[in-house]
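Letter by letter, the sequence shown follows residues 1 to 248 in UniProt numbering. Built from N, CA and C at the ideal position, the CB exists for glycine as well. Note that this is a predicted model, so its numbers are computed, not measured.
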Amino acid sequence: MAEAESITPVVVLVRPQMGENIGAAARAMLNFSLDRLRIVDPRDGWPNPKANAMASGAGRVLDQAGIFPDLASAVADCDYVFATTARSRELVKEVVTPERAMASAREMAAQGRKVAILFGPERAGLENADIVHANAIVTVPVNPEFFSLNMGQAVLLLAYEWGRQGSEVPASVMGLARTELASREEITRLGDHYEERLEEAGFFFPETRAEGMRLSLRNMWGRLGLTRAEVQSLHGMLRQILFRKNQG
């Protein structure tokens, strides 16, 4: 199993709009020893000279950044995903503070698990379709009358909390057993499997509600924190049900 110090959280910037904010995020990361950056569908393309100018010494974070066309591929290899948002959501997920989130991240890092933290675009933040990829939501207790945070500021808050907690790992923050969590790619495939079979069964009806029903199911799979063994069991249960049905 990997050592805790080699597994730092992955910072994922989802559809960032300004190169300056990407650079500010990279600078905030490196201030607190985070250097694993992934960028999803940047509005102004990549590379971005404004990002490098703003990074001011943290250019290596940008040089090593992974560029992805969509969020699903950006978190496919991650075991646990936090989504940062200040807005209330109708999606049912655990909501934690930055302190709790980073304590959990350190615990999982000590077990060799890869954690990602999602940050949304500057204009409106993460959408529900993004948040379904997350296990939990991180909310900063900001002024409810002015809750908008710049992307660089949001990254700085989480990076600071990671660095502040140092190398000590809490005994158990989320009660996670020392088992192998399913990756986000495996969770996505499980969702695909069930959605395909439910589509065949006519579950997504009426059509006006179908999109919301699919989103709710994806959100459910994303927040459960399933292990690889549980994912395989759920695939197997569905296959067995269909086998028996076809035999009958």
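Could you tell me the alpha carbon to alpha carbon distance between residue i and residue j, rounded to whole angstroms?
i      : j      : result
Ala65  : Leu34  : 12 angstroms
Gln165 : Val75  : 24 angstroms
Ala124 : Arg244 : 47 angstroms
Met213 : Thr188 : 16 angstroms
Glu200 : Lys93  : 28 angstroms
Ala182 : Ala229 : 8 angstroms
Ala110 : Met151 : 28 angstroms
Gln240 : Leu234 : 10 angstroms
Ala72  : Arg218 : 12 angstroms
Lys114 : Val11  : 11 angstroms
Arg60  : Leu149 : 25 angstroms
Asp192 : Leu198 : 10 angstroms
Val95  : Lys50  : 34 angstroms
Ala129 : Pro144 : 23 angstroms
Leu190 : Ser216 : 14 angstroms
Gly236 : Phe203 : 20 angstroms
Phe205 : Glu196 : 14 angstroms
I need the boundaries of the beta strand (DSSP E) containing residue i, first residue and last residue.
i      : result
Glu94  : Glu94 to Val96
Thr84  : Tyr80 to Thr84
Leu118 : Val115 to Phe119
Going by the CB atoms, is the gap between residue j and residue i shorter than 9 angstroms?
i           : j      : result
Cys78       : Ala116 : yes
Leu126      : Thr84  : yes
Val132      : Leu91  : yes
Asp70       : Asp44  : no
residue 249 : Tyr80  : This structure gives no information on residue 249, because the portion of the chain shown stretches from 1 to 248.
Glu161      : Glu99  : yes
Ile7        : Gly112 : yes
Glu186      : Val231 : yes
Gly120      : Arg184 : no
Phe68       : Arg38  : yes
Pull the bridge partners of residue i from the DSSP assignment, please.
i      : result
Gly19  : In DSSP, Gly19 forms no bridge with anything.
Arg38  : Val12 and Gly66
Ala136 : Phe82 and Glu94
Leu181 : Thr227
With respect to 8 angstroms, is the separation between the Cβ of residue i and the closest non-hydrogen atom of the ligand ZN below this value?
i     : result
Ala83 : Absence of the ligand ZN from the depicted structure is noted, as is the absence of any ligand whatsoever, leaving it without description.
Could you pull the start and end residues of the alpha helix (DSSP H) that residue i belongs to?
i      : result
Val231 : Arg228 to Gln247
Asp192 : Arg184 to Glu200
Asp77  : Here Asp77 belongs to no alpha helix (DSSP H), and DSSP marks it neither H nor E.
Glu161 : Met151 to Arg164
Ala53  : Pro49 to Ala55
Asn128 : Asn128 to Ile131
Taking only beta-carbon atoms, is residue i less than 9 angstroms away from chain C?
i     : result
Asp41 : Of the protein chains in this structure there is only one, and it is not chain C.
Exercise. Given 8 angstroms as the limit, is there contact between the segment 24-43 and the segment 135-155, that is, 3 or more CB pairs closer than that?
Worked result: These segments touch.
Exercise. Pairing CB atoms from the segment 210-230 with CB atoms from the segment 132-140, are three or more of them under 8 angstroms?
Worked result: Yes, the segment 210-230 is in contact with the segment 132-140.
Problem set entry | contact_flag[the segment 5-24, the segment 47-58] where n(CB pairs < 8 angstroms) is 3 or more | By the criterion of at least three beta-carbon pairs nearer than 8 angstroms, the segment 5-24 is in contact with the segment 47-58.
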